[in-house]
Amino acid sequence: MNADIFSKFKDEKGDFKSSLIDDVKGMLSLYEAAHVRIHGEDVLEEALIFTTTNLTSMMKSSPSLSCSPLGRQIQHSLEQPIHKGMPRLEARRYISLYRENEKWSHSVRELAKLDFNLVQALHRQELSEISKWWKDLDFASKLPFARDRLVECYFWAIGDYFEPSYSVARVFLSKVITLTTIIDDTFDVYGTLEELQLFTDAIARLDIYMFC
Numbered sequence: 001m002n003a004d005i006f007s008k009f010k011d012e013k014g015d016f017k018s019s020l021i022d023d024v025k026g027m028l029s030l031y032e033a034a035h036v037r038i039h040g041e042d043v044l045e046e047a048l049i050f051t052t053t054n055l056t057s058m059m060k061s062s063p064s065l066s067c068s069p070l071g072r073q074i075q076h077s078l079e080q081p082i083h084k085g086m087p088r089l090e091a092r093r094y095i096s097l098y099r100e101n102e103k104w105s106h107s108v109r110e111l112a113k114l115d116f117n118l119v120q121a122l123h124r125q126e127l128s129e130i131s132k133w134w135k136d137l138d139f140a141s142k143l144p145f146a147r148d149r150l151v152e153c154y155f156w157a158i159g160d161y162f163e164p165s166y167s168v169a170r171v172f173l174s175k176v177i178t179l180t181t182i183i184d185d186t187f188d189v190y191g192t193l194e195e196l197q198l199f200t201d202a203i204a205r206l207d208i209y210m211f212c
């Protein structure tokens, strides 16, 4: 979509219309849209400044707004725009906000909760699979210095592949990150110079096509 479409929110002087300030939800939507801009989209650069300034002012001047579900949503967005967050975590946070507003659809809220719980169950299943893999490697006895960062590495993988259909990718990436952290710790702290040289030589001789 061409960013120029947002020019309709400006007046004849080229400034954003003051009437936009009265539409708090609209301001928040424009603020979020400004965060997906690319270089050269000046209208969205201006929109970001305009919305950030006014949303911040609203939160400071209106106690009733700041204490409301919408106010908490604004505060969170000012700290971390939705497009910069992890989709599943953002969904969980939004479910809590949604629950506090009786005007919103009960059916939509229940559907969102069901979706979240189903995906969470899938994540637990994947983490169980990865945990078994980690236990079978027996690094606790083979490499006592190796830190158990399995859950942390899996969390990183969820950030990259949050869609439920990417289960295989999440499991694979979690294993790769886990092994990479062990190698990193080995090089940074635990390996001797001679050991690291031998390990580097072994990696250099590795035929990557044997894994294809």
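In UniProt numbering, the protein residues as written are 1 to 212. Cβ atoms here follow ideal geometry from the backbone N, Cα and C, with glycine treated the same way.
Bounding residues of the alpha helix (DSSP H) (the contiguous stretch that carries residue i)
{"i": "L137", "result": "H106 to L137"}
{"i": "Q75", "result": "P69 to E79"}
{"i": "P63", "result": "P63 to S66"}
{"i": "M181", "result": "According to the sequence shown, residue 181 is Thr rather than Met. From DSSP, the alpha helix (DSSP H) with T181 extends over S167 to D185."}
{"i": "F162", "result": "Counting along the chain, F162 falls outside any alpha helix (DSSP H), and DSSP gives it neither H nor E."}
{"i": "M86", "result": "Where M86 is concerned, there is no enclosing alpha helix (DSSP H), given that its DSSP letter is neither H nor E."}
{"i": "I203", "result": "L193 to R205"}
7 Å Cβ shell around residue i - same chain, five flanking residues per side excluded
{"i": "D4", "result": "V43"}
{"i": "I130", "result": "L150, Y154, V171, S174 and K175"}
{"i": "L143", "result": "I182"}
{"i": "I82", "result": "E32 and E90"}
Neighbour-count burial assignment, residue i, 16 or more Cβ in a 10 Å radius
{"i": "F16", "result": "buried"}
{"i": "I74", "result": "buried"}
{"i": "R205", "result": "exposed"}
{"i": "I208", "result": "exposed"}
{"i": "G14", "result": "exposed"}
{"i": "T53", "result": "exposed"}
Same chain, Cβ closer than 6 Å to residue i, five either side skipped, listed in chain order
{"i": "Y98", "result": "W104 and R109"}
{"i": "P69", "result": "L97, E100 and N101"}
{"i": "I182", "result": "A146"}
{"i": "F139", "result": "A146"}
{"i": "A169", "result": "Y161"}
Cross-strand partners of residue i (DSSP beta bridge)
{"i": "K10", "result": "F16"}
Cβ-based neighbour list, residue i, same chain, cut-off 8 Å, excluding 5 preceding and 5 following
{"i": "D185", "result": "F145, A146 and R147"}
{"i": "Y200", "result": "The amino acid at residue 200 is misidentified as Tyr; the sequence shows Thr. The answer is none, since no qualifying residue turns up."}
{"i": "K84", "result": "H35"}
### Query
Are at least three pairs of beta-carbons, each pair with one atom in the region 142-150 and one in the region 168-185, less than 8 Å apart?
yes
#### Entry: Sufficient close CB pairs (3 or more, under 8 Å) joining the region 72-83 to the region 27-39
yes
### Message
Under 8 Å, with one C-beta from each stretch per pair, do the region 157-167 and the region 114-125 reach the 3-pair mark?
### Response
yes
### Message
Does the structure place the region 35-49 close enough to the region 62-71 that three or more beta carbon pairs sit under 8 Å?
### Response
Contact between the region 62-71 and the region 35-49 is absent: fewer than 3 CB-CB pairs across the two stretches fall below 8 Å.
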